[in-house]
Structure formats: structure tokens, C-alpha cells
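See below for the structure under consideration.
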Amino acid sequence: MRFLKILVVIAVSLVLQTTLARFLVRGSTGVDLVLVGVTYLGLTTGPVAGLLSGTIAGLAQDSLGTGVLGIGGLSKTVVGFLAGIIGTAFIVSQPIPRFLVFFGATWIEMLITGGLHVMLDPQPAPISWAGILARAFGNALVGVVVFQLIEAVPGMVERRRSMSRARSRR
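This note's numbering numbers the first residue of the sequence shown as 4 and each following residue consecutively.
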């Protein structure tokens, strides 16, 4: 069941990222929905599942892009694992701690990706600290909103069922 959850979250985030990329990316900054999905999975399922989801999602995203294959896979693997450790070691159930985790995950991913590009890419793109900051805020905001929505849906469904049962009894 956990593996199915990983595959569904990765597939949805990849589809949304590729479909909505023109709306989510402005210049060099944008929201990385795949990173948000990996961080979410790490927080909710633990370090091993975070590591696995980071590897799968990162390599899938790398294969869809034009960059060096494996850089995104490695960076998202590290982020998924660290998010899993944070999710098991600390109570991350409120919006502010979640915001900080998503914000930090973006910084870690961008630093690893930037460092690997400097080492492996013959002509790496310059690192824009303002772009990383904007992306970190965007990812953190989207991550917190998605987390809140995912947690609210089961309660809404249950309330709707109980209301329909009450109406049918009348």
C-alpha cells in the first residue's frame, strides 16, 4: 500500500509539473512540484520510503529534462531521506514546521544540484540566490497548502457521508 502511495504521488506530481510548468515557472524561479511530492512522502512515510521516492521521482524528472541524468535523482534522494528522518524525529504536524521543512528541502536540493552541476557540467548555469529563495518560498507555500488539503479531504468526505445518511433517515 505504501509503494502504491509513492507511485501515485510521484505520478501526479510529475504530470502536474509537466502540465503546469508554463504557469509555475517565471524566468529562473518556479515551483518544483516533484520536490514537494518527495518531501511530503518523506515526512509522511519515513526515511526509507523518502529515499525510494526521491530516487524514482528524481530519475523520472531527469529523464524528462535535458540536463545531466542522475543529478536530480541524487539530490531528491537526499532530500527525501532527510525529510523522512525529520518526520520521524520531530513532530511536524503544524503549518509553520512544515513550511520550514519544505523551505529547507528546497535549499538542500538546490545546493546539491548546483554543486553537482559545477562538478559535472562543462558549462553550468550561474546560481541565483534570489531565485533559490523565491523557489524555496514557493515550494514551501505549495507544500503546506497541499499538506493541509490532503489532511482535510478525509474529514470532508466523512462529514458529507454523515450528512447524506442523516437526510436519508428522514
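Note that CB positions come from ideal geometry on N, CA and C, so glycine has one too.
Report yes or no: do three or more beta-carbon pairs, one from the stretch 136 to 144 and one from the stretch 96 to 113, lie closer than 8 Å?
-> Contact holds: three or more Cβ-Cβ distances are below 8 Å.
Got a sec? Which residues, its chain only, sit under 8 Å from G33 by beta carbon, not counting five neighbours each side?
-> So the qualifying residues of the chain are A24, L27, R138, G141.
Among P98, L19, I13, G45, the one whose alpha carbon lies nearest that of G61 = Selected option, being the one with the closest Cα: I13.
Label Q64 either buried or exposed according to how many other C-beta atoms from any shown protein chain fall within 10 Å of its C-beta, with 16 as the threshold for buried.
-> The residue is buried, with at least 16 neighbouring Cβ atoms inside 10 Å.
Expressed to the nearest angstrom, what Euclidean distance is found between the alpha-carbon atoms of V81 and P127?
-> Going from the Cα of V81 to the Cα of P127 covers about 21 Å.
In whole angstroms, what separates the C-alpha of M178 from that of T48?
-> The displayed coordinates of the chain run from 4 to 173. Any statement about residue 178 would go beyond what the structure contains.
Classify Q151 as helix, strand or coil using the three-state DSSP reduction.
-> If DSSP states are grouped into helix, strand and coil, Q151 belongs with the helices.
Look at the alpha carbon of A92 and the alpha carbon of R170, and state the distance between them as a whole number of angstroms.
-> Within the model, the alpha-carbon separation for A92 versus R170 is close to 44 Å.
Pull up the distance between the alpha-carbon of S131 and that of R162, whole angstroms please.
-> When rounded, the distance between both Cα atoms is 46 Å.
Report yes if the C-beta distance between L44 and A86 is below 9 Å; otherwise report no.
-> Going by beta carbons, L44 and A86 fall inside the 9 Å limit.
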